[in-house]
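K.L.:
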Amino acid sequence: MHRIRNSGLRHALVEAANELGPGVVTGAADDDPSGIAAYSQAGAQFGYGLLWTMILTYPLMCAVQLVSAHIGRVTGDGLAKNLSASFPRAAVTFLVAALLIANTINIGADLAAMAAATELVIGGRTHIFAVLFALTTVLLQLFVPYHQYARILKWLTLSLFAYVGVLLSVHIDWSAALIGMVWPGEIDRTTIVTIVAVFGTTISPYLFFWQSAQEAEEVSDTGDKPLKDVPREAPAQFRRIRLDTFVGMAFSNLIALAIILAAAATLHQQGITQINTAAEAAEALRPIAGQFAFALFALGIIGTGLLAVPVLAGSAAFAVSEARGWKHGLEYKPQQAVRFYAIIVAATMAGVAIDFLHINPIRALFWSAVLNGVVAVPLMAAMMILVGRRKIMGRFVAEPMVLAFGWAATLVMAAATILFFASLL
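The sequence shown maps to residues 43 to 467 in the numbering used here.
#1: Of the choices Met103, Ile143, Ala451, Arg437, whose alpha-carbon is the least far from that of Ala277?
#2: Classify Pro130 as helix, strand or coil using the three-state DSSP reduction.
#3: Buried or exposed: which applies to Lys375, given that a residue is buried once 16 or more other Cβ atoms fall within 10 Å of its Cβ?
#4: Is it a yes or a no for the stretch 115–126 touching the stretch 339–349, going by three-plus beta-carbon pairs under 8 Å?
#5: Evaluate Arg115 with the Cβ neighbour count: other Cβ atoms within 10 Å of its Cβ, from every protein chain shown; 16 or more gives buried, anything less gives exposed.
#6: On the three-state DSSP scale, how would you describe Ser410?
#7: Report, in whole angstroms, the separation of the C-beta atoms of Thr179 and Pro64, which I expect to be a contact under 8 Å.
#8: When you compare only the Cα positions, how much space is there between Thr452 and Ala71?
#9: Grab the span of the alpha helix (DSSP H) containing Gln470 for me, first residue to last.
#10: Less than 8 Å separating the beta-carbons of Pro247 and Asp152?
#11: Out of Met425, Gly371, Leu354, point me to the one whose CA is closest to Leu73's CA.
#12: Between Ser254, Thr95, Ala331, Arg431, which lies nearest to Ala359 when the distance is taken from Cα to Cα?
#13: The alpha helix (DSSP H) with Leu200 in it runs from where to where?
#14: DSSP three-state label for Ser363, please.
#15: Buried or exposed, going by whether 16 or more other CB atoms sit within 10 Å of the CB of Leu349?
#16: To which residues of the same chain is Ala204 closer than 8 Å at the C-beta, ignoring the five residues directly before and after it?
#17: Do you know offhand how far Ala389's Cα is from Thr146's?
#18: Sorted by chain position, which residues of the same chain lie with C-beta nearer than 6 Å to Met96's C-beta, five sequence neighbours on each side aside?
#19: Would a C-beta distance cut-off of 8 Å place Gly356 and Thr68 closer than the cut-off?
#20: Verify the contact flag: Val454, CB atom, against every heavy atom of the ligand HEM, threshold strictly below 7 Å.
#21: Nearest by alpha-carbon distance to Ala218: which of Met156, Thr244, Gly89, Ala258 is it?
#22: With DSSP run on the structure shown, which of helix, strand or coil describes Asn318?
#23: Flag this pair as touching only if the stretch 229–249 and the stretch 448–463 have three or more C-beta atom pairs under 8 Å; answer yes or no.
#24: For Gly345, does the three-state DSSP call read helix, strand or coil?
#25: Quick one: Cα of Phe447 to Cα of Leu102, how far?
#26: Return the first residue and the last residue of the alpha helix (DSSP H) that Gln183 is part of.
#27: Using CA atoms only, rank isn't needed, just tell me which of Val417, Pro273, Leu198 is closest to Thr243.
#28: Does DSSP put Ile147 in a helix, a strand or coil?
#29: Just to confirm my understanding: we take Arg52, look at its own chain, exclude 5 residues before and 5 after, and list those with CB closer than 8 Å. What are they?
#30: For Leu445, which residues in the same chain have their Cβ closer than 8 Å to its Cβ, ignoring the five residues on either side in sequence?
#31: Counting C-beta neighbours from all protein chains within 10 Å, is the total for Val109 16 or more, i.e. buried, or is it exposed?
#32: Once the 5 residues before and after Ala158 are set aside, which same chain residues still bring their CB inside 6 Å of it?
#33: What residue does the alpha helix (DSSP H) around Leu461 start on, and which one ends it?
#34: List the endpoints of the continuous alpha helix (DSSP H) containing Val67.
#35: Below 8 Å between beta carbons: does that hold for Gly393 and Ile149?
#36: Any idea what DSSP makes of Glu325, helix, strand or coil?
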């Protein structure tokens, strides 16, 4: 009986794991090296004081990503194609162009961080590592079919557990941490800029396009029909999407919490309050937390970069191709969707060029954050309008609770963007 019970449990766990996919990959890609730098800076500069941002963003992030997945699965098309069918072409072109630029800058910053982390661990030249990482991600997207590539991305999410290992190897003041999770404390101009950076790296436009495109890709690759054409499949699919998204976003925010906690417990306690890159955070950890924590942190940067760079390039390619009406999809061979794959290659190689140009990574991420802030608010508003339109969604318009949290996330991001620009003045 005990053996039967264990077998049933294993079967249930395997079934649950098989249902995890686009949401988990999207959540993990959110903790890219650029995000790691932002979270490390938040912990180093403010200690446990900004942990509440991760608690606040979780339900908002879930709502926005649920809407993204909902649009993709119900219509069978990605976000950009649905936007193009409902809004002025010029507006969609602006949003997609801004996304492409912001993603390219992010790719450059991520490749630079991955290369610097590799140099810290094994030595060598950072530019060579940046090129190697770029070629690896491009070749995987060009020559590995989507159904296989999706499994690779899912396994890469495990690299983020390195930050849980770091957390277990340092001393945490849990009473201060718990207060930081529920009480904002004093907020000044510097705090506002950091909060906006955390919000911007947690709720990012490229995540909307990626999860929506992956749900649409699942429809086309499995031969299924969009849910508006086969409504009987909706309950099972919506249950899967909710599980996938809730788990993926929880994974993303828990890892971000771990990074902030580790930086607060080590760097902030030692008076190190300025971190410019994720690699700097790893290097600063070495004398404080030891070689083990340093190695885990550095390896986590490399692993999550290998996950995030293809998501950044792929989301840009999906957005541009859908908006222009080009053939697109990772299941196609390169010669079948030339322009789609050309965008992936161009965006990744442009990221390498940013690394070779010695552009200040913090300055690059600053402008990327500005672009993401400009894009996120109108894009989120457009998504909320889309998911509430029966003409687009048929009988599957979003539930009132999802709409409420989605609009709340839009208002929070709008307020954060306004505060960001006000802080500059």
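Ideal Cβ positions, reconstructed from N, Cα and C, are used throughout, including at glycine.
P.N.:
In short, the structure shows the following:
#1: Per the sequence shown, residue 277 should be read as Pro rather than Ala. Checked all of Met103, Ile143, Ala451, Arg437; the closest Cα to Pro277 is Arg437.
#2: coil
#3: exposed
#4: no
#5: buried
#6: helix
#7: Not really, about 18 Å apart at Cβ, beyond 8 Å.
#8: 21 Å
#9: Only positions 43 to 467 of the chain appear in this structure, which leaves residue 470 out of reach.
#10: no
#11: Here residue 73 turns out to be Asp, not Leu, going by the sequence shown. The candidate whose alpha carbon is nearest that of Asp73 is Leu354.
#12: Ser254
#13: That residue, Leu200, is in no alpha helix (DSSP H); it is neither H nor E in DSSP.
#14: helix
#15: buried
#16: Leu338, Phe339, Leu341, Gly342, Gly345
#17: 5 Å
#18: Asn295, Ala298, Leu299
#19: no
#20: The ligand HEM is not part of the structure shown, which contains no ligands of any sort.
#21: Gly89
#22: coil
#23: yes
#24: helix
#25: 6 Å
#26: 168–185
#27: Val417
#28: helix
#29: Because Arg52 sits at a pLDDT of 49, beneath the cut-off of 50, its placement in the model cannot be relied upon, and the following sentence gives the value as read from the coordinates. Nothing listed; no residue qualifies.
#30: Met426, Val429, Gly430
#31: buried
#32: Thr168, Ala321
#33: 442–466
#34: 64–72
#35: yes
#36: helix
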